[in-house]
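Asker: Attaching a single structure in structure tokens format; questions to follow.
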């Protein structure tokens, strides 16, 4: 167990950094590596070990924090996209269908 604690903290720090930078594909790979390291750490503990609860709490905190960062990043990107100017329609686009009572002026 003691050998995996530095690995877990290193992976958690890297995951936080990648999520904060918006590098989500890399963050997903890092999260998977963290989960594998966590599974190895848990497998090495005897049943009923008190550090199981601590590891679970750390994992839940990391998961919640990463989720909030990703959602905030997505919201920020969506807001930036919404502020982009709307381009006028191209000449090649078909005109919307008209009803018979509308004039074509």
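Numbering (the numbering used here), first residue to last: 117 to 221.
The C-beta atom is built at its ideal place from N, Cα and C for all residues, glycine as well.
Given the structure is predicted, the values throughout are model-derived calculations rather than measurements.
Three or more beta-carbon pairs under 8 angstroms between the region 132-147 and the region 177-189, yes or no?
Answerer: The answer is yes - the region 177-189 touches the region 132-147, with three or more Cβ pairs under 8 angstroms.
Asker: What's the gap between the Cα of residue 153 and the Cα of residue 189?
Answerer: Taking the chain shown and counting its residues from 1, the one referred to as residue 153 is at position 37. Taking the chain shown and counting its residues from 1, the one referred to as residue 189 is at position 73. Going from the Cα of residue 153 to the Cα of residue 189 covers about 26 angstroms.
Asker: In or out: residue 185 buried (at least 16 other Cβ within 10 Å) or exposed?
Answerer: As a working note, residue 185 is residue 69 in the chain shown. It is buried - the Cβ of residue 185 has at least 16 other Cβ atoms within 10 Å.
Asker: Whole-angstrom Cβ separation of residue 120 and residue 157, contact assumed at under 8 angstroms?
Answerer: To locate residue 120, count along the chain shown from 1; it is residue 4. To locate residue 157, count along the chain shown from 1; it is residue 41. The pair is a contact, with the Cβ atoms about 4 angstroms apart (cut-off 8 angstroms).
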